[in-house]
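Undergrad: Quick note on UniProt numbering: the sequence shown kicks off at 1 and runs consecutively. Sending over a structure as structure tokens; questions will come in a sec.
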Amino acid sequence: MSLSVLDIAIIFAYIVGILGVGFYISKRASKDMQSYFLGGNTMKWYYLGLSNASGMFDVSGTMWTVMILFVYGLKSAWIPWLWPVWNQVFVFVFLAIWMRRSKVMTGAQWITFRFGDGKGAKLSHIIIVAFAVISVLGFIAYFFEGIGKLCVIILPWDITFMIGDWAVSSERSYALIICAITTLYTVKGGMYSVVATEILQFIIMTISCFVIGYVAYTSVSAEQINAAIPAGWKDLSFGWNLDLDWSKTPFPSVNQKLSDDGFGLFGMLFMMMLFKGIFASIAGPVPSYDMQRVLSARTPSEAAKMSFTTIWVMYIPRYLMVAGFAVLALVYLVPELNGMGANMDFEKILPLAINKFVPDGFRGLLLAGLLAAFMGTFSAFVNSAPAYIVNDIYRKYINPHASDKKYVRLSIISSIVLVMVGIVFGFNAGSLNKLTLWITSALYGGYVAANVLKWVWWRFTGFGYFYGMLFGLIASTIKLFVFPEIVDIYVFPLILLFSLIGCLVGTYMSPLPNREAVKNYYRETRPWGFWGPIKREVMAEDPSFVPNKDLGRDAANILVGIVWQMAQVVIPIYFMIRENYYTAAWVAVLIITSVFLKKNWWDRLKEADEEFVNTPHKEKELVKVG
Numbered sequence: 001m002s003l004s005v006l007d008i009a010i011i012f013a014y015i016v017g018i019l020g021v022g023f024y025i026s027k028r029a030s031k032d033m034q035s036y037f038l039g040g041n042t043m044k045w046y047y048l049g050l051s052n053a054s055g056m057f058d059v060s061g062t063m064w065t066v067m068i069l070f071v072y073g074l075k076s077a078w079i080p081w082l083w084p085v086w087n088q089v090f091v092f093v094f095l096a097i098w099m100r101r102s103k104v105m106t107g108a109q110w111i112t113f114r115f116g117d118g119k120g121a122k123l124s125h126i127i128i129v130a131f132a133v134i135s136v137l138g139f140i141a142y143f144f145e146g147i148g149k150l151c152v153i154i155l156p157w158d159i160t161f162m163i164g165d166w167a168v169s170s171e172r173s174y175a176l177i178i179c180a181i182t183t184l185y186t187v188k189g190g191m192y193s194v195v196a197t198e199i200l201q202f203i204i205m206t207i208s209c210f211v212i213g214y215v216a217y218t219s220v221s222a223e224q225i226n227a228a229i230p231a232g233w234k235d236l237s238f239g240w241n242l243d244l245d246w247s248k249t250p251f252p253s254v255n256q257k258l259s260d261d262g263f264g265l266f267g268m269l270f271m272m273m274l275f276k277g278i279f280a281s282i283a284g285p286v287p288s289y290d291m292q293r294v295l296s297a298r299t300p301s302e303a304a305k306m307s308f309t310t311i312w313v314m315y316i317p318r319y320l321m322v323a324g325f326a327v328l329a330l331v332y333l334v335p336e337l338n339g340m341g342a343n344m345d346f347e348k349i350l351p352l353a354i355n356k357f358v359p360d361g362f363r364g365l366l367l368a369g370l371l372a373a374f375m376g377t378f379s380a381f382v383n384s385a386p387a388y389i390v391n392d393i394y395r396k397y398i399n400p401h402a403s404d405k406k407y408v409r410l411s412i413i414s415s416i417v418l419v420m421v422g423i424v425f426g427f428n429a430g431s432l433n434k435l436t437l438w439i440t441s442a443l444y445g446g447y448v449a450a451n452v453l454k455w456v457w458w459r460f461t462g463f464g465y466f467y468g469m470l471f472g473l474i475a476s477t478i479k480l481f482v483f484p485e486i487v488d489i490y491v492f493p494l495i496l497l498f499s500l501i502g503c504l505v506g507t508y509m510s511p512l513p514n515r516e517a518v519k520n521y522y523r524e525t526r527p528w529g530f531w532g533p534i535k536r537e538v539m540a541e542d543p544s545f546v547p548n549k550d551l552g553r554d555a556a557n558i559l560v561g562i563v564w565q566m567a568q569v570v571i572p573i574y575f576m577i578r579e580n581y582y583t584a585a586w587v588a589v590l591i592i593t594s595v596f597l598k599k600n601w602w603d604r605l606k607e608a609d610e611e612f613v614n615t616p617h618k619e620k621e622l623v624k625v626g
């Protein structure tokens, strides 16, 4: 790709600026572990929300979203429910409040807070630490591979070099440089650096989104789009079958993509996504950067506002860019994409569109935004995983009385080692594919049952958590290697059932241990669910205790929140394809749902902070309970 002097200057100014911000604020991070990993719980919720949005704005995910919009049209708005994308709604409605009330530093430390002492609690603690570290290593390798492929296309220089007889390609060289820069400012400044740089990155990415949206909107017409798409492409509604036929369009080979995805029975897919989504959302976020932002908030109500902000500021700009790339590809990239045959590489839509449509100056800004999207997500993972190694292994089991300076120093070393190991995996990406699939399918597939029950069932134990995670992991791994051709979501009920069996077997292996720890968890977190015996004991000990009666209100807010989020997905798409009536209708839906959430959720958040004191659990107390 050809870049002007102005484009190159913008890219280098961005990199220098990011490093400058990271080093400028680094002194604030070195005070202690709480400052290094959680920013001392002093950062404002809207800063954390912008940071969290930046961390979720990754390049590969954006390109995948462009691909599904290109292939499935408006029905693609439903496909991210595979995760589900609306798990963030569950987080801001109630889970963020519950998590922040724990006053812990990591997801693994939260397990100790929930289950207390004993062998089962320690096994649960160990398995969640392993889950966090292994998944972060896999994602570091994944990001290393992805940023190298992107840079070698969008940057004009060949920087291949030799180490003895071993040639390091430009792709690997670019990846090493970008990962090294990101790691440098992340380990230097900790959470303060991550948040500050991610806010800057989010601003750049948002400007980039509106630039590409403007370019696309002024470059295509409704007639051009209609000539390139099959019947039903503009329909958000669906029946039992997908019913999209690309054979009479400029892209007939897209039908092969539809067949390979296995989403032809779209009605069944939707029911499975809904079934999985409810359980996966109640399970809560996995122990990574999203949970870290929640635990970094000053109060439970601010943790909820932070999660709300993540959706509010990210979706419309991101989907404006996604829709822009999609329509540009539909109208102007016919020769390039058809030249790839049945194996269309949709990741190339981005560099092709940038090179063809974006003017000088804006091109450099957009490329800086794409680098920001990568660096924001990468830095979030790099900052989150060392907390598990230092706080949940070294501090808990090896040296609980070391100085804060030593903990911070070991955290920096851990970050660097994790990045190096992840990069080694990235260099062997050919053999990494199965590992990546195992992480995303097996680890996450076995996560749900145990992590739902931990919130809502008084009798659930550490052994139940451990065996539930283990059984789910075994079931998902069997599916991955024995039945790889089956779409993962269709076997989710079986994986959930097998994991649930593990939860029940482990739970009823012994009477409930650590009853006092469970009561303490219930007293501080105040969840709704099945807490009968524990609730009665807590209320007997403290007659002023008021149990959580907000299940109905939370359920209503979740339903409205999902519609609110969907509005932010489809409004930019309808706008880009000139469906003005639908755009106006969904804007009205967005306004109505926003008013509802303001009155029924936002205005009542102050209740979440009752009896909350922003002081972390003391380490001696943590050692005592596990």
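All C-beta atoms, glycine included, are put in the ideal place defined by N, C-alpha and C. Quick caveat, the model's predicted, so the values are computed rather than measured.
Could you check what DSSP says for F161 in three-state terms: helix, strand or coil?
TA: As a first step, residue 161 must be located in the sequence shown, where it is residue number 161. Note: F161 maps to strand in three-state DSSP.
Undergrad: Inspect the beta-carbon positions of I212 and L330 and report whether they are closer than 8 Å.
TA: If you number the sequence shown from 1, residue 212 lands on position 212. If you number the sequence shown from 1, residue 330 lands on position 330. Taking 8 Å as the cut-off, the beta carbon of I212 is found no closer than this to the beta carbon of L330.
Undergrad: CB-CB under 6 Å to F308, same chain, minus the five flanking residues each way: which ones, in chain order?
TA: For the purposes of this step, residue 308 is taken as the residue at position 308 of the sequence shown. Cβ within range, chain order: F92.
Undergrad: Note the first and the last residue of the continuous alpha helix (DSSP H) segment covering W233.
TA: Your numbering for residue 233 matches position 233 in the sequence shown. Looking at the DSSP string, W233 is not in any alpha helix (DSSP H), and its letter there is neither H nor E.
Undergrad: Between A475, K606, I489, Y574, which lies nearest to A280 when the distance is taken from Cα to Cα?
TA: Here residue 280 refers to the residue found at position 280 of the sequence shown. That would be I489, whose Cα lies nearest to the Cα of A280.
Undergrad: Is A167 helix, strand or coil when you go by DSSP?
TA: As a working mapping, residue 167 is identified with position 167 in the sequence shown. Looking at A167 - three-state DSSP - the assignment turns out to be strand.
Undergrad: Looking at the structure shown, is W531 part of a helix, part of a strand, or coil, going by DSSP?
TA: Numbered from its first residue, the sequence shown carries residue 531 at position 531. Here W531 sits in coil by DSSP.
Undergrad: Taking 8 Å as the cut-off, decide whether the C-beta atoms of I178 and M375 are in contact.
TA: Your numbering for residue 178 matches position 178 in the sequence shown. Your numbering for residue 375 matches position 375 in the sequence shown. Yes. Within cutoff.
Undergrad: Measuring only the C-alpha atoms, how far is L538 from P511?
TA: Residue 538 sits at position 538 when you count from the first residue of the sequence shown. Residue 511 sits at position 511 when you count from the first residue of the sequence shown. The sequence given here places Val at residue 538; Leu does not occur at that position. Cα-Cα distance, rounded: 19 Å.
Undergrad: Give the DSSP-derived three-state secondary structure of W246 in the structure shown.
TA: For the purposes of this step, residue 246 is identified with residue 246 of the sequence shown, where counting begins at 1. Note: W246 maps to coil in three-state DSSP.
Undergrad: Under the three-state reduction of DSSP, which class applies to W458: helix, strand or coil?
TA: Working through the sequence shown from its first residue, we reach residue 458 at position 458. The answer is coil: DSSP assigns W458 none of H, G, I, E or B.
Undergrad: Grouping DSSP H, G and I as helix and E and B as strand, with all else coil, what is S431?
TA: Position 431 of the sequence shown, counted from the start, is the residue given in the question as residue 431. Because S431 sits at a pLDDT of 41, beneath the cut-off of 50, its placement in the model cannot be relied upon, and the point is left open.
Undergrad: Quick one: measure Cβ to Cβ for L236 and A77, integer angstroms, because I've assumed they're closer than 8 Å.
TA: Within the sequence shown, residue 236 is the residue found at index 236, counting from 1. Within the sequence shown, residue 77 is the residue found at index 77, counting from 1. Contact holds; Cβ gap of about 6 Å.
Undergrad: Determine the contact status of V456 and G529, defining contact as a CB-CB distance below 8 Å.
TA: Position 456 of the sequence shown holds residue 456. Position 529 of the sequence shown holds residue 529. It is a contact, given that the beta carbons lie within the stated cut-off.
Undergrad: For the candidate residues F131, F275, K234, V66, whose alpha-carbon lies nearest to that of E579?
TA: As a position in the sequence shown, residue 579 is number 579, starting the count at 1. Nearest option by C-alpha distance: K234.
Undergrad: Does the Cβ of P527 have 16 or more other Cβ atoms within 10 Å, making it buried, or fewer, making it exposed?
TA: Looking up residue 527 in the sequence shown gives position 527. P527 is buried by the Cβ-count criterion.
Undergrad: So, with DSSP's three-state summary, where would you put A475?
TA: Within the sequence shown, the letter at position 475 stands for residue 475. Three-state DSSP puts A475 in a helix.
Undergrad: By the 10 Å Cβ neighbour count, where 16 or more other Cβ atoms means buried, how is R604 classified, buried or exposed?
TA: In the sequence shown, the residue the question calls residue 604 occupies position 604. With fewer than 16 Cβ atoms within 10 Å of its Cβ, R604 is classed as exposed.
Undergrad: Taking only three categories from DSSP, how would you classify H125?
TA: On the sequence shown, residue 125 is found 125 positions in, with the first residue counted as 1. Looking at H125 - three-state DSSP - the assignment turns out to be helix.
Undergrad: Quick one: does I486 have its CB under 8 Å from some CB of chain B?
TA: The chain labelled as chain B is not found in the depicted structure, where only one protein chain is given.
Undergrad: How big is the Cα-Cα spacing for F463 and I128?
TA: In the sequence shown, counting from the first residue as 1, residue 463 sits at position 463. In the sequence shown, counting from the first residue as 1, residue 128 sits at position 128. Straight-line Cα distance between these residues: approximately 13 Å.
Undergrad: Kindly list the residues whose CB is nearer than 8 Å to the CB of A9, restricted to its own chain and excluding five residues on each side of it in sequence; keep chain order.
TA: For this step, residue 9 is matched to residue 9 along the sequence shown. The answer, listed in chain order, is G364.
Undergrad: Confirm, please, whether the CB-CB distance from L496 to V570 is below 8 Å.
TA: Here residue 570 corresponds to residue number 570 of the sequence shown, with the count starting at 1. Here residue 496 corresponds to residue number 496 of the sequence shown, with the count starting at 1. Not closer than 8 Å, so no.
Undergrad: Measure the alpha-carbon distance for P317 versus C209 and round it to whole angstroms.
TA: Taking the sequence shown and counting its residues from 1, one reaches residue 317 at position 317. Taking the sequence shown and counting its residues from 1, one reaches residue 209 at position 209. Between P317 and C209, the C-alpha separation is close to 6 Å.
Undergrad: Considering only the beta carbon of each residue, do A132 and A303 sit closer than 8 Å?
TA: Position 132 of the sequence shown, counted from the first residue, corresponds to residue 132. Position 303 of the sequence shown, counted from the first residue, corresponds to residue 303. 8 Å or more divides the Cβ of A132 from the Cβ of A303.
Undergrad: Secondary structure at T299, three-state DSSP: helix, strand or coil?
TA: Counting from 1 along the sequence shown, the entry for residue 299 is found at position 299. Coil.
Undergrad: In this structure, does DSSP put I178 in helix, strand or coil?
TA: Here the question's residue 178 lines up with position 178 in the sequence shown. In this structure, I178 counts as helix in the three-state DSSP scheme.
Undergrad: Around the C-beta of G339, are 16 or more other C-beta atoms found within 10 angstroms, so that it is buried, or is it exposed?
TA: Translated into the one-based positions of the sequence shown, residue 339 becomes position 339. Answer is exposed; the Cβ neighbour count stays below 16.
Undergrad: May I have the straight-line CA-CA distance separating I558 from I153, to the nearest angstrom?
TA: The residue you call residue 558 lines up with position 558 of the sequence shown. The residue you call residue 153 lines up with position 153 of the sequence shown. Distance between the alpha carbons of I558 and I153 is about 41 Å.
Undergrad: Are the beta-carbon atoms belonging to L265 and Y72 less than 8 Å from one another?
TA: Here residue 265 is taken as the residue at index 265 of the sequence shown, counted from 1. Here residue 72 is taken as the residue at index 72 of the sequence shown, counted from 1. Contact: no.
Undergrad: Quick check on the burial criterion: 16 or more other C-beta atoms within 10 angstroms. Buried or exposed for M56?
TA: Here residue 56 refers to the residue found at position 56 when the sequence shown is read from its first residue. Buried is the call here.
Undergrad: Using the C-alpha atoms, what's the distance from F115 back to N514?
TA: In the sequence shown, residue 514 corresponds to position 514, counting from 1. In the sequence shown, residue 115 corresponds to position 115, counting from 1. Those two C-alpha atoms are separated by around 7 Å.
Undergrad: Does the structure place the segment 560 to 577 close enough to the segment 215 to 231 that three or more beta carbon pairs sit under 8 Å?
TA: Cβ pair count under 8 Å is three or more, so yes.
Undergrad: So, I534 versus K519, is the Cβ gap smaller than 8 Å?
TA: As a working mapping, residue 534 is identified with position 534 in the sequence shown. As a working mapping, residue 519 is identified with position 519 in the sequence shown. Cβ atoms of I534 and K519: closer than 8 Å.
Undergrad: With respect to the alpha helix (DSSP H) encompassing D360, which residues constitute its N-terminal and C-terminal limits?
TA: Position 360 of the sequence shown, counted from the start, is the residue given in the question as residue 360. Neither: D360 is in no alpha helix (DSSP H) and is coded neither H nor E.
Undergrad: Determine the closest residue to R172 out of Y508, A141, I278, with distance taken between C-alpha atoms.
TA: Along the sequence shown, one-based indexing puts residue 172 at 172. Comparing Cα-Cα distances from R172 to each of Y508, A141, I278, the minimum goes to A141.
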